Amino acid sequence: MRLIPALVAFGLLLPLAAQAEDVTTWNFGDPNAVGQWVVQELVTQQAEEGLYVRADTDGFLQVPARFVQPFHVVTLTVTSPATTKASLLWNTKGTTQFAELPFAIPVGQYQTIDIVTSEHREQNPHPVAIGIFLEQGTELMIHDVAVRGWSLSERIGYAAKSFWKVDEYRPYSINFLWGPLIAQNPVSLQYLYEKLPPPSPSATRIFYVILGIALLSVLATWVLRKMQSVDARALGIFFALAAGLWLLFDLRMSVEVLSYVRDDVKAYVLPEPGKRMLRTHLDLYDMLFRILPTLQQENRYALLYPPEGQHYSMYRYFTYPSLPITQEKDLTGITNWVVVDRPDLKVNAEGRIAGSDGVPLSPPGRITLQLNKYGYLFTVNP
Amino acid sequence: MTLLALPAGLLLPTLCGWLLLRLLEGKHAVLYRTERWVTGCVLGLTSTMFVSFVLQVTLNVPFSFIGFGTAQLGLAILLGALWYAKRSTLGPSPLPAHSILSRWQAIGLGTLLTLLVAKIVLAGATFLILTPTYLQDTLKNWNLRGKVFYETEMLTLVMPNEDPLVSPRDISSYPPTVPMIKTWLADIAGTWDEALVNSIHIVWYLAALLLLFYAVRRYASLPWALLGTYILGSLPLYLMHGTNAYADAFVSVHILLAISFVLHAMRAHGAMQRMAWFRLAALATCLIPLTKNEGILVHLPPLLLVTALLLLGLRRFGQISSKQLFTAVGWYALLGLLPAFWLGFKWVRGLTFGNGKPFTSLGFGWQENVLYAVTINTFAEGNWLLLFPFFFGLLVWRFKTALGELLPLTAFVLIVYFGQMALYLFTGLSTEALMQTGYARGLVQLAPTIVLLTTLLLHDAWPTIGRSFGALRMRKAD
Chain G
137 MRLIPALVAF
147 GLLLPLAAQA
157 EDVTTWNFGD
167 PNAVGQWVVQ
177 ELVTQQAEEG
187 LYVRADTDGF
197 LQVPARFVQP
207 FHVVTLTVTS
217 PATTKASLLW
227 NTKGTTQFAE
237 LPFAIPVGQY
247 QTIDIVTSEH
257 REQNPHPVAI
267 GIFLEQGTEL
277 MIHDVAVRGW
287 SLSERIGYAA
297 KSFWKVDEYR
307 PYSINFLWGP
317 LIAQNPVSLQ
327 YLYEKLPPPS
337 PSATRIFYVI
347 LGIALLSVLA
357 TWVLRKMQSV
367 DARALGIFFA
377 LAAGLWLLFD
387 LRMSVEVLSY
397 VRDDVKAYVL
407 PEPGKRMLRT
417 HLDLYDMLFR
427 ILPTLQQENR
437 YALLYPPEGQ
447 HYSMYRYFTY
457 PSLPITQEKD
467 LTGITNWVVV
477 DRPDLKVNAE
487 GRIAGSDGVP
497 LSPPGRITLQ
507 LNKYGYLFTV
517 NP
Chain W
127 MTLLALPAGL
137 LLPTLCGWLL
147 LRLLEGKHAV
157 LYRTERWVTG
167 CVLGLTSTMF
177 VSFVLQVTLN
187 VPFSFIGFGT
197 AQLGLAILLG
207 ALWYAKRSTL
217 GPSPLPAHSI
227 LSRWQAIGLG
237 TLLTLLVAKI
247 VLAGATFLIL
257 TPTYLQDTLK
267 NWNLRGKVFY
277 ETEMLTLVMP
287 NEDPLVSPRD
297 ISSYPPTVPM
307 IKTWLADIAG
317 TWDEALVNSI
327 HIVWYLAALL
337 LLFYAVRRYA
347 SLPWALLGTY
357 ILGSLPLYLM
367 HGTNAYADAF
377 VSVHILLAIS
387 FVLHAMRAHG
397 AMQRMAWFRL
407 AALATCLIPL
417 TKNEGILVHL
427 PPLLLVTALL
437 LLGLRRFGQI
447 SSKQLFTAVG
457 WYALLGLLPA
467 FWLGFKWVRG
477 LTFGNGKPFT
487 SLGFGWQENV
497 LYAVTINTFA
507 EGNWLLLFPF
517 FFGLLVWRFK
527 TALGELLPLT
537 AFVLIVYFGQ
547 MALYLFTGLS
557 TEALMQTGYA
567 RGLVQLAPTI
577 VLLTTLLLHD
587 AWPTIGRSFG
597 ALRMRKAD
């Protein structure tokens, strides 16, 4: 009799194993592959390494799609002389409208761009055509386009891996923790917490489905017993599942908090001063603590930092009672100048800190301590 | 070695707190011994800082080692003298009902709590002691103000490099208790040390765990008290607040004390014990406005409302006499002078009463997407594990208990929670929910109280749950 459940299980599991990653690739160096694509309003030129495309006006490339399996990621390999924007297009069955999914094209050669189509609710896994929309002024070389899909068993495997993949300690971690997420392909898994808010769904959905089914079972017994009592075993299963899921969730989140500890110890506590990195602030603290005694020798110092940076409150707190001065009009008479994350500021031939427009900001002096590539302590000549 | 200033700095405030509690309890002691020391530490710190604040703004007593030390020593001597004079009339502390763990309870809860302690030690040591201050609110508020107080030795309202007219209306409008405690610790050490001034935050977190343990223990056996402690300790976002230099765990432990004392007052067996609980509740309640601005607007009114309704209810059902009712009100009025002084100071110095913009400037109207953001934060992130579905589920399932013997807790939690929700749903404060900034902090402040309520409701439901587990075991045996 035990053979029957085993056969049922085998039958249920068979489709999981039957499929594997499904990839359809168009190599744009191959004229036959390019020939499948319809080009609208774009200037193109076939080359051995790919298809050169120039958009004098807005235009697109489009290919009829006959994907047997659902696809989850579209991967483009391109070479672009400039950062630009584009959109992935696909039209859904029965409509003539194209859905658009914007993405950025980075500058550089053979850049790989992964677009996770399955993260978008409007996505149709069986499109009849896909395409690439390019804005006017875009110029790039498309090397290849690949459409990738994964089988159910593979997706479950990635989901299991993503459950245990944790976020980093970030400034928002004091307000909320994303918690476990469910990614169903390697691209989503790789970038799980990098795009905010994370596009992958929360694993708590699975918890609620499990608990919901268990609770419905309890309620079903209640209804079957004419609302007089519930089945104790069904209730027991519900509470056992609730306790088990709590412990599992606790374990998962403990792993996350302890990973923050591990990262801090490895990157900040154990390294020597000068090599310390702290969370999203990287080497900011390390730089600050190296120059702190110098800054505190005077009651004020100049602080030149990027406008979007969090440097000011940090410097103000740690160097107090010595204070950072940031307004250009107040910078006269200051001996110590701290330059952080400002690649636009250089020391010119006269020994003054000057901006990219050449306008000097400081009196003549010299860099007394190079902190990192774009950070240094500059001391004004006596 | 600098960290030794932490226990040294806790010594006198804890002693003052202990004496104050012992005197308020009077002839009928109601707190367990350890519970009194822990409560004394929490309320003693806040009380002694308030005394130093009053001395600073009235007599210009500096925020120095001598200034703080004199205030604390003076208070300890005064309270000590009163205690000495009354010591023969003060009754013995009660003991928790005898309870032991079964073998499997010891193994299960022992494992969970050992892992919990390891997690707290590692996270606390790393985030508070081994790494520098990282979070913006700490850099711009709690620690900066403490450091400014330390350097200037006075209640400076203008933060460095800030407009003297605008600055006081910003973070200086927050109660100065947390920054002052940091200043006191730095005064003992003789230097502003990051690890030292941040280490105080773990004290409040551990206090919340211990006080929750004793609050549950009052109504349930040892395994339940340990389970409640585990539940609170397992909440990831509360752990983050407990092991980082933020002030919301500090607020949360004051709220837990105030509302749980009201609950204990309702459920006390004797009239004298009930009055002792009300006196303790009056102290804890009146210290809440000295923790954070939310204390004044969000927590104090519901606390006073719940307490007032309880007192009237007890009087109506003949559980207390009119004299006792007026005595309780008198204690609240007397101890209400503490927050009244702080509010008066705010008013005189033109400080704000809320955390940001006045409510009148926030506009009124339905705020899109707030419900979605709140649902995500409460149910679909890693902040609270599965606490809230279980909490709301238990509230519905055990509604008779929730609205009966646990009514003060239920009423307070629901008023505060839905009061905050109304602000997010209908005013410009919605950004706090949409950006997931203020909403979760509100829950952090309520977390120990919600866990107390959840644990007691779970305890109430245990006969049914236990039977269902029993049925499962029987099935397995079949």
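Protein chains in written order, with the numbering used here: chain G, 137 to 518; chain W, 127 to 604.
Each residue gets a CB set at the ideal place from its N, CA and C atoms; glycine is no exception.
None of the values given here were measured: they were computed from a predicted structure.
Starting from the beta carbon of residue i, find every residue of chain G whose beta carbon is closer than 7 Å, and list them in chain order.
{"i": "W:I591", "result": "F375"}
{"i": "W:A597", "result": "A368, R369, G372"}
{"i": "W:Y372", "result": "I310"}
What does a CB cutoff of less than 6 Å around residue i pick up in its chain, not counting 5 residues either side in sequence?
{"i": "W:L352", "result": "L235"}
{"i": "G:T193", "result": "E177, Q272"}
{"i": "W:S556", "result": "Q493, V496, Y550"}
{"i": "W:R271", "result": "P305"}
{"i": "W:R593", "result": "none"}
For residue i, return the contacting residues in chain G, with the cut-off set at a CB-CB distance below 9 Å.
{"i": "W:H367", "result": "I310"}
{"i": "W:A249", "result": "V393, L394, Y396, V397"}
{"i": "W:N186", "result": "Per Cβ cutoff of 9 Å: no residues; W:N186 is ~20 Å from chain G at best."}
Which residues of chain G have a Cβ atom closer than 8 Å to the Cβ of residue i, listed in chain order?
{"i": "W:T417", "result": "Neighbours of W:T417 on chain G: none; closest Cβ ~18 Å, over 8 Å."}
{"i": "W:Q546", "result": "In chain order: nothing, as chain G lies at least about 15 Å away."}
{"i": "W:N269", "result": "Y453"}
{"i": "W:E494", "result": "Simply none; closest approach about 16 Å."}
{"i": "W:A503", "result": "Note that residue 503 of chain W corresponds to Asn in the displayed sequence, not to Ala. F312, listed in chain order."}
Can you name the start and end residues of the alpha helix (DSSP H) that residue i belongs to?
{"i": "G:V210", "result": "G:V210 -> not in any alpha helix (DSSP H); beta strand (DSSP E) instead, spanning 209-216."}
{"i": "G:E392", "result": "368-400"}
{"i": "G:M423", "result": "420-431"}
{"i": "W:M285", "result": "Segment: none, W:M285 is in no alpha helix (DSSP H) and carries neither H nor E."}
{"i": "W:V542", "result": "533-552"}
With respect to the beta strand (DSSP E) encompassing residue i, which residues constitute its N-terminal and C-terminal limits?
{"i": "G:R436", "result": "436-440"}
{"i": "G:L187", "result": "186-190"}
{"i": "G:I503", "result": "501-508"}
Any beta carbon from chain G within less than 7 Å of residue i's own beta carbon?
{"i": "W:G508", "result": "yes"}
{"i": "W:K245", "result": "yes"}
{"i": "W:Q562", "result": "yes"}
{"i": "W:K266", "result": "yes"}
{"i": "W:T309", "result": "no"}
{"i": "W:L256", "result": "yes"}
{"i": "W:E277", "result": "yes"}
{"i": "W:P302", "result": "no"}
In chain W, which residues lie less than 9 Å from residue i when you measure between Cβ atoms?
{"i": "G:P307", "result": "Y260, L261, Q262"}
To the nearest angstrom, how far is the alpha carbon of residue i from that of residue j?
{"i": "G:Y344", "j": "W:L512", "result": "9 Å"}
{"i": "W:Q546", "j": "W:L579", "result": "19 Å"}
{"i": "G:L476", "j": "G:M423", "result": "The sequence as given places Val at residue 476 of chain G; Leu does not occur at that position. Taking the straight line from one Cα to the other gives about 9 Å."}
{"i": "G:I373", "j": "W:I307", "result": "49 Å"}
{"i": "W:G491", "j": "G:S390", "result": "40 Å"}
{"i": "G:A154", "j": "G:Q320", "result": "Reliability of the predicted coordinates at G:A154 is poor, the pLDDT of 47 falling under 50, and no value is obtained from them."}
{"i": "G:K482", "j": "G:I278", "result": "38 Å"}
{"i": "G:I349", "j": "W:G354", "result": "27 Å"}
{"i": "W:P427", "j": "W:T369", "result": "29 Å"}
{"i": "W:Q450", "j": "W:M401", "result": "7 Å"}
{"i": "G:M450", "j": "W:L265", "result": "6 Å"}
{"i": "G:A393", "j": "G:Y421", "result": "The question names Ala, but residue 393 of chain G in the sequence shown is Val. Going by the C-alpha atoms only, they are around 21 Å apart."}
{"i": "W:W350", "j": "W:T575", "result": "15 Å"}
{"i": "W:S360", "j": "W:R475", "result": "42 Å"}
{"i": "W:L431", "j": "W:V542", "result": "11 Å"}
Determine the chain W residues that contact residue i at a beta-carbon separation under 7 Å, and present them in chain order.
{"i": "G:D386", "result": "S360, L511"}
Does the beta carbon of residue i sit closer than 7 Å to a beta carbon anywhere in chain W?
{"i": "G:F295", "result": "Sequence check: residue 295 of chain G is Ala here, not Phe. It does not: the Cβ of G:A295 has no partner Cβ on chain W nearer than 7 Å."}
{"i": "G:S254", "result": "no"}
{"i": "G:S395", "result": "no"}
{"i": "G:S338", "result": "yes"}
{"i": "G:V405", "result": "yes"}
{"i": "G:S216", "result": "no"}
{"i": "G:M137", "result": "Note that G:M137 scores 42 on pLDDT, short of 50, meaning its location in the model is unreliable; the coordinates nonetheless yield the value given after this. Taking Cβ atoms only, chain W never reaches closer than 7 Å to G:M137, which makes this a no."}
Identify, in the order they occur along the chain, each residue of the same chain with its Cβ nearer than 7 Å to the Cβ of residue i, setting aside the five sequence neighbours on each side.
{"i": "W:P222", "result": "Y158, R343"}
{"i": "G:G491", "result": "D480, L481, L497"}
Can you list the residues of chain W that residue i reaches, using a CB-CB cut of under 8 Å?
{"i": "G:M450", "result": "L265"}
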